[in-house]
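Protein sequences appear in the order of chains D and V.
Going by this note's numbering, the first sequence opens with residue 1, and the numbers climb by one from there.
Going by this note's numbering, the second sequence opens with residue 1, and the numbers climb by one from there.
Using N, Cα and C, we set each Cβ at its ideal position, and we do this for glycine too.
Read through the structure below, which is laid out as structure tokens, and then see the notes.
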Amino acid sequence: MSSTANSAQRSAPATATAAIHATKLCRYYRMGETVIRAVNDVNLEVATGEFVALLGSSGSGKSSVLNLIAGLDRPTSGSVVVHDRDLAKLSREELAGYRLHTVGMVFQSFNLIASMTLAENVELPMRFAEVERGKRESLAREALARVGLQARMSHRPSELSGGEQQRAALARALINRPRLLLADEPTGNLDSHTGTEIMNMVREFNLQLGMTIVMVTHERALAERYAQRLIFLADGKLVGDETNPALVAGAGTDGSVAGELR
Amino acid sequence: MKLPDLTELAVRNLRESLLRNSLTTIGISVGVASLVAMLSLGIGLQQLASRRLMKSGLFDTVVVSSRRDLRNFGHEEERNGPAPGESRILDESTRGEIEHLPNVLEAYPDIRFITELRYEDRPHLTMVAALPESAKSNDAFEALQGHFFSSNHAPEVVIQKTFAEELLGKTTKPGLDETSAAELAIPLLGKELVMRYAQREAPKTASSNTSSSSVAVPDDQSLSGAAYSVISREQKLKIVGVADLDPESMRGPTRARVFLPLGLAESLHVMQPTDLREISRAATDQPVYSSISVRVKNPSQIRPIEDSIKKMGFNTFSILDATRSLQQFFAVLDLFLGIFGSLALAVASIGIVNTLVMAILERRREIGIMKAIGASDSDVQKLFFAEAGAMGILGGIVGVVLGWAIGQAINLATNIYLKRQSLPPEHFWAVPLWLVGAAIVFAFVVSLLSGLYPAGRAARLDPVQALRYE
């Protein structure tokens, strides 16, 4: 793999449609007298169906970029356009709708609601989308079956292992069929075997469903194994953008999980 | 989010912090119970007062008099309506006409005369009045010694306590304890009174009377047959009851102390003051009444019935205004009781705010997760509203039951006390259905208002900050 630190800010392949287009993206926080530049003048384009890894050390701004793409945060200046929608111009309600229908999120700490069973956790986004109860239940059942948790539907998150919780979180992230999957250190709390299992699932969604994936990680090896493109951040700035030649051509996979979700 | 989902999630969340939410709900229940208890006391007292007044027969009665009776009330109508000389008389046909008006229970003539009653050969002069059978439920006869008339035509009398004292020669001096009706009744019940009265009789039967004086009217075209006799009669009457209270206390100087069944009084054809006044108009054997008492189903119907009767050409009188001031008094009383009752609910509402603010702190991360997976601000807001509302409804229902139970307990305790004091039992407490509904709705609204601030705060939470919260 070749490092291209000098060509830090570049566009996705011209043939692909842009899923994410960030221009001069800035996010500053004020802490007393100090201004923290979490994201500082980032230009980024991610093509539809691309699997991108955002890499950097702690405090480099990778999670802040992810939050801006997720519509959880608003930029101080600049713009993020996702599938032709400028997130900075959306109202709070519109942003919620965007998060509900366009984005699926997976977190390092799984973020399942402890008081709900797995089935209820997976159903929750559909409740917000006002999906009819019967349909909701059957879709949740199917989604959990596809991540191998059909026997754990009525269990609460605390009764499950980390890997199982993350699989449930994946099922929840994909239940509304989003176009964009955002993963913030999805294997950070998992052992290597379970992490691989989860990442295989994520890659399958990318390849089989054509879903755009943006994954935040600080593990370069993990990024190189799964992502087609590696973007490096340091001190809020985009400092490197590399393609992964081994994967960019579109390596095959068994595709079992994604095939069922389609 | 749809309402059933919202409710389901709210109930689930409430179950998660069962102890804290139960304590908050108990707080609301106590508030609602206090409100219900206070208001039901007010309503109960109002109903008690209304019941008493209704039983007195004063507030559901319209007194109808002819405009020809110049002594009567309502002189202003005389100027507006037909001249007294041309207006209608009160007879059987008008009585029937009034009785057929909607919402009229009965219309009966006011037969009342001063006469002599002999008891053990001693004469006693007093006012005698006729009572319809419906008077049995009159409050004054509640503690009646003996019994009410066995029938509407029975030759029986009920006497008032003061008349009983007169018959027995016992006069109560001021400052001394009164003799009880029960003591007075013992020697009098079943005894006979002889009533002397003046009977008004049509000419054809006049000849058979023992002593009579005829009132003759010149036999001309307009007044043919207009003559009747006045005969002195005697009627034996059995004392069947002694009334402790004065059923006619409001009547002032015309109040009677001896009461006859109305049917009997009508059949006696006792000479009435109107008979003399009406002699110039007609003199048949049909009675003409000085006034007719009209009982209506509900005091609220008095005004339209009075209007209908006035249109028929009569004067009317009722004590409706007195009930109006009574209603006003109870409205103010209810208002104050309601305010005091609401204080506990106000304290409970602070409990709701506290519980929900605590819940926001505890569930900060959960709110962040919900927002990250697509919940809108309004979804989060509605969820907290639903939790507040669920506590309100549940607290309201428990509070109403609690308030009702407090009422029942106090009713029971009061009645035990009344029984020990040899007083009749009473219902001081009334929880009408509307109060049940209103209390629950009120608790719900107060809870929603209490949820306003926490729900707004939860909705405004920054999802990024909330997701960082551990």
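Secondary structure of residue i, DSSP reduced to three states
| i | result |
| --- | --- |
| residue 207(V) | The predicted model places residue 207(V) with a pLDDT of 44, which falls under 50 and marks its position as unreliable; any figure quoted below should be read in that light. Three-state DSSP puts residue 207(V) in coil, outside helix and strand. |
| residue 40(D) | strand |
| residue 132(V) | coil |
| residue 191(V) | coil |
| residue 152(D) | helix |
| residue 218(D) | coil |
| residue 91(V) | strand |
| residue 348(D) | Since the displayed chain D opens at 1 and closes at 262, residue 348(D) lies outside it and no answer follows. |
| residue 226(D) | helix |
| residue 43(V) | helix |
| residue 10(V) | helix |
| residue 289(V) | coil |
| residue 144(V) | coil |
heavy atom of the ligand FMN below 7 Å from residue i C-beta
| i | result |
| --- | --- |
| residue 157(D) | This structure lacks the ligand FMN; in fact it carries no ligand of any kind. |
CA-to-CA distance, residue j to residue i, given in whole angstroms
| i | j | result |
| --- | --- | --- |
| residue 132(V) | residue 315(V) | 22 Å |
| residue 27(D) | residue 198(D) | 31 Å |
| residue 147(D) | residue 218(D) | 25 Å |
| residue 409(V) | residue 327(V) | 27 Å |
| residue 419(V) | residue 425(V) | 7 Å |
| residue 407(V) | residue 330(V) | 18 Å |
| residue 478(V) | residue 336(V) | With chain V covering 1 to 470 only, the question about residue 478(V) has no answer from this structure. |
| residue 165(D) | residue 122(D) | 11 Å |
| residue 31(D) | residue 62(D) | 19 Å |
| residue 266(V) | residue 428(V) | 40 Å |
| residue 157(D) | residue 365(V) | 15 Å |
| residue 197(V) | residue 242(V) | 22 Å |
| residue 89(V) | residue 64(V) | 11 Å |
| residue 244(D) | residue 46(D) | 14 Å |
| residue 443(V) | residue 395(V) | 7 Å |
| residue 149(D) | residue 117(D) | 12 Å |
| residue 246(D) | residue 163(D) | 27 Å |
| residue 156(V) | residue 170(V) | 23 Å |
| residue 245(V) | residue 163(V) | 12 Å |
| residue 111(D) | residue 135(D) | 24 Å |
| residue 21(D) | residue 82(D) | 6 Å |
| residue 462(V) | residue 368(V) | 7 Å |
| residue 176(D) | residue 98(D) | 11 Å |
| residue 297(V) | residue 48(V) | 18 Å |
| residue 239(D) | residue 455(V) | 42 Å |
| residue 33(D) | residue 113(D) | 37 Å |
| residue 430(V) | residue 101(V) | 33 Å |
| residue 90(D) | residue 79(D) | 11 Å |
| residue 200(D) | residue 160(D) | 20 Å |
| residue 97(V) | residue 448(V) | 57 Å |
| residue 229(V) | residue 268(V) | 14 Å |
| residue 259(V) | residue 129(V) | 5 Å |
Beta-carbon proximity of residue i to residue j, cut-off 8 Å
| i | j | result |
| --- | --- | --- |
| residue 141(D) | residue 126(D) | no |
| residue 270(V) | residue 91(V) | no |
| residue 400(V) | residue 73(D) | no |
| residue 229(D) | residue 52(D) | yes |
| residue 43(D) | residue 23(D) | yes |
| residue 169(D) | residue 215(D) | no |
| residue 379(V) | residue 107(D) | no |
| residue 240(V) | residue 193(V) | no |
| residue 377(V) | residue 92(D) | yes |
| residue 29(V) | residue 398(V) | yes |
| residue 457(V) | residue 350(V) | no |
| residue 54(D) | residue 231(D) | yes |
| residue 302(V) | residue 325(V) | no |
Integer Cβ distance of residue i from residue j, believed to fall under 8 Å
| i | j | result |
| --- | --- | --- |
| residue 153(V) | residue 261(V) | 6 Å |
| residue 347(V) | residue 31(V) | 7 Å |
| residue 121(V) | residue 292(V) | Not a contact, Cβ separation roughly 37 Å. |
| residue 256(V) | residue 112(V) | 6 Å |
| residue 233(D) | residue 65(D) | 7 Å |
| residue 39(V) | residue 334(V) | 6 Å |
| residue 382(V) | residue 1(V) | 6 Å |
| residue 67(D) | residue 237(D) | Going by Cβ atoms, the distance from residue 67(D) to residue 237(D) rounds to 17 Å, so no, they are not a contact pair. |
| residue 119(V) | residue 184(V) | That belief does not hold up - the Cβ atoms of residue 119(V) and residue 184(V) are roughly 13 Å apart, past 8 Å. |
| residue 294(V) | residue 94(V) | No, residue 294(V) and residue 94(V) are not in contact; Cβ-Cβ is about 11 Å, not under 8 Å. |
| residue 144(D) | residue 119(D) | 7 Å |
Listed by chain order, chain B residues near residue i by CB distance under 7 Å
| i | result |
| --- | --- |
| residue 113(D) | The question asks about chain B, but that chain is absent: this structure's protein chains are D and V. |
* To do: May I ask you to verify whether the segment 350 to 363 of chain V touches the segment 382 to 394 of chain V, counting CB pairs closer than 8 Å and requiring at least 3?
  => By the C-beta criterion, the segment 350 to 363 of chain V is judged to be in contact with the segment 382 to 394 of chain V, since at least 3 inter-stretch pairs fall below 8 Å.
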